[in-house]
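To start, the structure under review is shown below, and the notes come after it.
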Amino acid sequence: MKLTVIGCGYLGATHAAAMAELGHQVLGMDTDPDKVAALNAGRAPFFERGLDELLAKHTADGRLRFTTSYAEAAAFADLHFIGVGTPQKPGGTAYDLTHLFTAARRLAPRLTGPAVIVGKCTVPVGTAPQVIGLLREFAPAGDRVEVCWNPEFLRESHAVEDTLHPDRIVLGLTGENTRAEALVRQAYGRIIESGTPVIVTDLATAELVKSAANAFLATKISFINAMAELCELTGADVQQLALALGHDQRIGAKGMRPGLGFGGGCLPKDIQGFMARAGELGADQALAFLHEVDAINNRRRERTVGLAREQLGGVIKGKRITVWGAAFKPDTDDIRDSPALAVAQALHQAGATVTVFDPKALDNARKAHPRLDYADHPIEAADGAELLLHLTEWPEFTRIDPAGLATRVAVPRVIDGRGTLDPTRWRAAGWIHRALGRP
Ligand code: UGA
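Quick note on numbering: the sequence shown equals residues 108 to 546 in the working numbering.
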């Protein structure tokens, strides 16, 4: 099939590469010429495991190309996936849908024949009809342009795998769609043949599935982190609590790792945007619990700073602190709403000299937080430190020998914000070890 992907960020670039991997002829379109140049050279402008390999493979075999031109995209195919960003409104909590509406508005006048537009971005429920309205108004093809919604559930750091092997495909249709379902099923043919369930529904349900999924995932994380607060007061161990809870099939262990909480470009923004939309719909109460989910999440960051202060004898000012981790989670260079950097920044503001190390996110962190210090190696970062904080659980941190590291720091004192450093090993190597939610 020939298809386009409009918007080539994490979602769009991965979707375009994955569609080429499935055998289609793909044209990715993005308004950022630097991004398009990098993608055409077979490189993602961000770090995502396995993506560069797919981009290189299919830009070389001719199945995948990128452009900045809407006209070229409209002429290339009649199946268009839209994966533009839907960030938070500056200074607000609702979604900023400018990129989505601009993409629809600019593609529309070039749609002269039948076309199917597949919305993939995360949007507040009720957005798809507005996209339909724009296309009806501005597309010469009028109602021969169909719109359907197919939310994306990929996780950064597992984007390629999640796109090629999704847990499910959700497709929201209108009663007027005639070609959309067949074309989308054909595009995902190999994925569907491998047994992936397809849930065909209406537009509003499809939009809501994504908001509900992220709200649930955030709630699961904050639930276990609320339990961590109780563990801290009772001497219980949240890691063992999570392990025991996870064995209950109805609860499940996945997505319930206690620690510093959630960050990134999705969960924090999506629960805020979901609450804002519920408010507009007059259903604030239905999602009131998400305020608490958010509050628990923020309290983990405050608790970590508090624990650091406690460990430093009540004074942060003038202390040398090392932070391991800047990305919002391991295996990405994304620092959007990173819990690790929020804590590093708070400690810096309290007067500490904070040195940060991260295996992939240092460049992004340097640009966003120029006042923090940075080191290019985790051990070098810890030289002379009076406190080490482990805030993003990159696997390489667990492989560092705590005995050797103890000889480099000023005081062997560590706070594990992610619960992956073995307390027995670190204490045996002479460290004072504290962890969120653990005795
Ligand atoms: C999330 C969802 O998991 C995806 O399904 C969704 O498609 C995506 O948002 C999106 O809306 O685009 P992502 O933000 O990439 O994906 O990352 P997650 O793996 O869900 O992690 C989010 C945050 O929660 C990270 O800061 C992570 O460290 C934290 N987390 C995750 C925990 O603290 N505990 C856990 O058990 C899991």
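Positions of the beta carbon are idealized from the N, C-alpha and C atoms, including for glycine.
From residue i to residue j, what does the alpha carbon distance come to, in whole angstroms?
i, j, result
"residue 228", "residue 539", "45 Å"
"residue 497", "residue 261", "26 Å"
"residue 391", "residue 450", "30 Å"
"residue 184", "residue 238", "19 Å"
"residue 476", "residue 452", "8 Å"
"residue 300", "residue 138", "34 Å"
"residue 330", "residue 400", "8 Å"
"residue 289", "residue 259", "19 Å"
"residue 416", "residue 395", "32 Å"
"residue 526", "residue 313", "36 Å"
"residue 393", "residue 309", "21 Å"
"residue 488", "residue 521", "14 Å"
"residue 535", "residue 201", "49 Å"
"residue 296", "residue 386", "39 Å"
Give me whichever residues DSSP pairs with residue i in a beta bridge.
i, result
"residue 134", "111 and 172"
"residue 494", "428"
"residue 348", "Residue 348 is not bridged to any residue."
"residue 308", "279"
"residue 195", "202"
"residue 464", "431"
"residue 481", "463"
Got a sec: does ligand 1 put a non-hydrogen atom nearer than 7 Å to the Cβ of residue i?
i, result
"residue 155", "no"
"residue 115", "no"
"residue 322", "no"
"residue 369", "yes"
"residue 339", "no"
"residue 363", "yes"
"residue 366", "yes"
"residue 300", "no"
"residue 273", "no"
"residue 260", "yes"
"residue 146", "no"
"residue 227", "no"
Grouping DSSP H, G and I as helix and E and B as strand, with all else coil, what is residue i?
i, result
"residue 377", "helix"
"residue 188", "strand"
"residue 202", "strand"
"residue 444", "coil"
"residue 157", "coil"
"residue 450", "helix"
"residue 540", "strand"
"residue 341", "helix"
"residue 423", "coil"
"residue 522", "strand"
"residue 295", "coil"
"residue 391", "helix"
"residue 218", "coil"
Hey, quick one: how far does the beta strand (DSSP E) through residue i stretch, first residue to last?
i, result
"residue 255", "252 to 256"
"residue 411", "Careful: residue 411 lies outside any beta strand (DSSP E), inside the alpha helix (DSSP H) at 395 to 418."
"residue 222", "222 to 226"
Can you name the start and end residues of the alpha helix (DSSP H) that residue i belongs to?
i, result
"residue 245", "235 to 245"
"residue 505", "502 to 506"
"residue 532", "530 to 535"
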